[in-house]
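Here you go:
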């Protein structure tokens, strides 16, 4: 069996990653189980470039993402204070909540985010019929048509594509020029308070289907990655304190999800459209080879989070130190409820005669109240005092009952976390 996957862009619920070549799409790279996997850049630290994998993920890379997926599973299933403790949040009581909530229209203006760009076409980007995904969308209960056309007039679909860019395409070098051109990002300045900042050209382009509960991540590039390319010296990491405070994908996506949305908690699907990332490709290669699978149209291959494959796909993400700021279901528990990813589908376009572009559906469900992990309960109710907390959760893996115990306690002001897994025969 020989698997060939063509990939060029990525975006996940907790993985704002993209290729700079999205603006000028390259010729698709042919990757296979027997060839090197193409390079990709992590959003949080653009200096981390993975360049070549011989075939598929080795045991070390596999374990890294399975372990991370397991940890993320714990964090997603915890209530806010417990999740905050698990990610070492320094607030008292700890919290996983984002500082940004509600409508962020004014905050986006303050931090130099501009909606709609010359490159972004609302109708075209959300026309998933033309993009050969009609059957896949129908399979998960989604309309595949755009809500508006490129001019913004109503269409007959439910998917509203919106692009937010940390750059002003109408800040001209010379407005009197015969053909005005916008200033480069490094020359666009703005002030917040007394501090001056520079545009980065980062962008978050997504489709939102509030009727049926889906977010479709199209092209995502953080301000850090934008600055990595746009500022001098080029292709060097830039200091985080030079980035806009409002910069994480989860917060930008949150704003557009909540805007004019009568049912915030109706988030049940997250789609990663056209997946590219060196580690992701390496994981795909390992999974598909060892499971003797081919990349096929929806439903493709399904992996539950009670499997190592599912955990690895959940765990592939940004560097550990910033992943928590990019997990929508973690940072907005108060508004969305306690939700977790239950399964992932990896699939190709409807037309299997075309090049095989890989896509992913992350299925999201409410954590049943009796299965929520209370984690650190301190501060959950007025008058609660810090103390020892133990939450037991159970699940079934390969027919065996698995009890996961999470102990959270304080020792001299520090939070100590212990994860213990017991398999019951």
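Numbering (mature numbering (1 follows the signal peptide of the UniProt record, and there is no 0)), first residue to last: -21 to -1, 1 to 404. Glycine included, each C-beta is placed from N, C-alpha and C at the ideal position. The model shown is predicted, which means the values in this text are computed figures rather than measured ones.
Around the beta carbon of residue 226, a 10 Å sphere encloses 16 or more other beta carbons of the protein chains shown; the residue is thus reported as buried. Contact between residue 145 and residue 103 does not hold, since their C-beta atoms are separated by about 22 Å, which reaches or exceeds 8 Å. In the three-state reduction of the DSSP assignment, residue 352 falls in the strand class, which pools E and B.
When the beta-carbon positions are compared, residue 292 and residue 282 come within less than 9 Å of each other. Around the Cβ of residue 177, a 10 Å sphere holds 16 or more other Cβ atoms; the residue is buried. With respect to the 9 Å criterion, residue 198 and residue 210 are not classified as neighbours on the basis of their beta carbons. The three-state reading of DSSP puts residue 178 in coil, since its state is none of H, G, I, E or B. In this structure, DSSP gives residue 105 a state outside helix and strand, which the three-state scheme calls coil. Using a C-beta cut-off of 8 Å, the segment 262 to 280 makes no contact with the segment 207 to 221, since fewer than three inter-stretch Cβ pairs fall below that distance. If you ignore the 5 residues before and after residue 169, its C-beta comes within less than 6 Å of the C-beta of 91, 176, all in its own chain and listed in chain order.
Put simply, the backbone Cα of residue 259 is about 7 Å away from that of residue 295.
In this structure, DSSP gives residue 200 an extended state, which the three-state scheme calls strand.
Put simply, the backbone Cα of residue 334 is about 27 Å away from that of residue 40. If you draw a 10 Å sphere on the C-beta of residue 151, you find fewer than 16 other C-beta atoms in it, and that means exposed. Scanning its chain for C-beta atoms nearer than 6 Å, with the 5 sequence neighbours on each side dropped, one finds around residue 230 the residues 77, 79, in chain order. Non-local beta-carbon contacts of residue 309 in its own chain, meaning distances under 7 Å to residues more than five positions away in sequence, involve 54, 55, 62, 75, 303 in chain order. Here DSSP, grouped into helix, strand and coil, assigns residue 43 to helix. Closest in alpha carbon position to residue 351, among 341, 248, 319, 343, is 319. The straight-line gap separating the alpha-carbon atoms of residue 191 and residue 201 is approximately 27 Å.
Taking C-beta atoms as the reference points, residue 330 and residue 276 count as a pair closer than 9 Å. Between residue 139 and residue 124, the C-beta gap is not smaller than 9 Å, which leaves the two residues out of contact.
For residue 346, there is no enclosing alpha helix (DSSP H), as DSSP marks it with neither H nor E.
Cβ-Cβ separation between residue 205 and residue 257: approximately 20 Å, too far for a contact (criterion under 8 Å). Under DSSP, residue 282 takes part in a beta bridge, and its partners are 323.
An exposed status is given to residue 159, since fewer than 16 other beta-carbon atoms sit within 10 Å of its beta-carbon. In this structure residue 262 is buried. Its beta-carbon is surrounded by 16 or more other beta-carbon atoms within 10 angstroms. Within the same chain, 287, 290, 291 come within 6 Å of residue 45 by CB-CB distance, once the 5 residues on both sides are set aside.
Runs of beta strand (DSSP E) with 3 or more residues, each lying fully within the segment 64 to 144, are found at 139 to 144, listed in chain order.
Here residue 223 is buried: its Cβ has 16 or more other Cβ atoms, across all protein chains shown, within 10 Å. Under a 10 Å Cβ-count criterion, residue 332 is classified as exposed, with fewer than 16 other Cβ atoms of the shown protein chains found around its own Cβ. For residue 291, the enclosing alpha helix (DSSP H) starts and ends at 287 to 294. Cβ-Cβ distances below 6 Å link residue 234 to 83 in the same chain, with the five nearest sequence neighbours on each side left out; the list follows chain order. Scanning 120, 60, 47, 94 for the CA closest to the CA of residue 247 turns up 120. Within the same chain, 123, 124 come within 8 Å of residue 108 by CB-CB distance, once the 5 residues on both sides are set aside.
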